[in-house]
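Read the structure below first, then the notes.
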Amino acid sequence: MKLANQILLLFLVVTTALSSTFSDISFNINFNAMQIAPECQRDIDEYKPCFTLFNYSNKTNITKEACNVIYNEQCQEFYEEPFYFMPNCIDYHDIEEVLDHSVINIILSRVNSGCKTDENGKLCPIANTYSNGESISQTYGALFEATCKSPKCTTALIDILTGELKYAAAAEALSITSGNLDASTTSVMKRLLEDLNSDKCSIGNSEINNMKNSNEESDFVPIKIKNTLIVITLFLTFTLLF
């Protein structure tokens, strides 16, 4: 099988040095060194915009344009099952590791930190922590308090922490991975998750509950009106008959 010279993407060598906000896991991805067949190259070219994820995974200041590309419908489907869309690349070990679910999901968690916004379109508090390279333990109190003011940001941070914790072990086992998620950081992240899901996160939870109660009440009103109309109709019918 003839091999293409190199993968021609928008980037060459990427060392994904992830922010110390979470763990010191990093991915050493050298696209320039990968040799592939033309069929695989065509698959890559078709979904090239989705590889923007790797361009921005080692940057803490993620552009709005990058967020729009990464979160478009096509790329979100691609990240879910990359080799479904790139069947001609499945036999290449280097690409298999780069597109491993653990790698994609950890990087997506980091990108979430710089992309997710609150109800008013303002970046969530985790964006400041992430862009400054601060650890969660350094900003725990302020981050927690600010995040709980927004249900959207609360949900986003829960998803970010869950993704990091869920995929760290699998990512650490890959040959392209350096660093790990240590026990101390794991403990802090789990504690923050518990707090975000508890009554301590009162502002965010109260808004979510208010929204839920409002929906329940609005659903109930038409039923109440309908029952009233039925009673009136039966009363009038009875009066006319007797």
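Sequential numbering of the sequence shown, starting at 1, is according to our numbering. Ideal placement from N, C-alpha and C gives every residue a C-beta, glycine not left out.
Residue i in three-state terms, based on DSSP
i	result
N72	coil
I106	helix
L99	coil
F22	coil
Y47	coil
K64	helix
S198	coil
M189	helix
N32	helix
N88	helix
A37	coil
D182	coil
N132	coil
M211	Note that M211 scores 47 on pLDDT, short of 50, meaning its location in the model is unreliable and no value can be drawn from it.
Distance between beta carbons of residue j and residue i, contact taken as under 8 Å
i	j	result
T52	Y130	Incorrect: roughly 18 Å between the Cβ atoms, too far for contact.
E97	L157	Contact flag wrong, Cβ pair sits at about 28 Å.
Y47	F27	With a Cβ gap of about 19 Å, Y47 and F27 do not count as contacting.
S109	A170	The pair is not a contact, with the Cβ atoms about 13 Å apart (cut-off 8 Å).
C75	P38	Contact doesn't hold; Cβ gap of about 23 Å is too wide.
D159	N112	7 Å
Minimum Cβ-Cβ distance from residue i to chain B less than 7 Å
i	result
D182	The structure shown has no chain B; it contains just one protein chain.
Beta-ladder partner(s) of residue i, from DSSP
i	result
L123	T117
Endpoints, alpha helix (DSSP H) assigned at residue i
i	result
T154	P151 to E172
I136	I136 to T147
P82	P82 to F85
The ligand ADP heavy atom lying under 6 Å from the CB of residue i
i	result
N72	For the structure depicted, the ligand ADP is absent and the ligand set is empty, with no information on it obtainable.
Worksheet item: Quick check: the stretch 162-170 against the stretch 179-191, are there 3 or more CB pairs under 8 Å?
Response: Contact between the stretch 162-170 and the stretch 179-191 is present: 3 or more CB-CB pairs across the two stretches fall below 8 Å.
Worksheet item: Counting Cβ pairs, one atom from each stretch, are 3 or more of them under 8 Å apart for the stretch 77-84 and the stretch 139-149?
Response: Taking 8 Å as the limit for Cβ pairs, the verdict is that the stretch 139-149 does not touch the stretch 77-84.
Item to complete: Check whether the stretch 122-129 touches the stretch 86-102, taking contact to mean three or more Cβ pairs, one atom from each stretch, closer than 8 Å.
Response: With the rule of 3 Cβ pairs closer than 8 Å, the stretch 122-129 does not count as touching the stretch 86-102.
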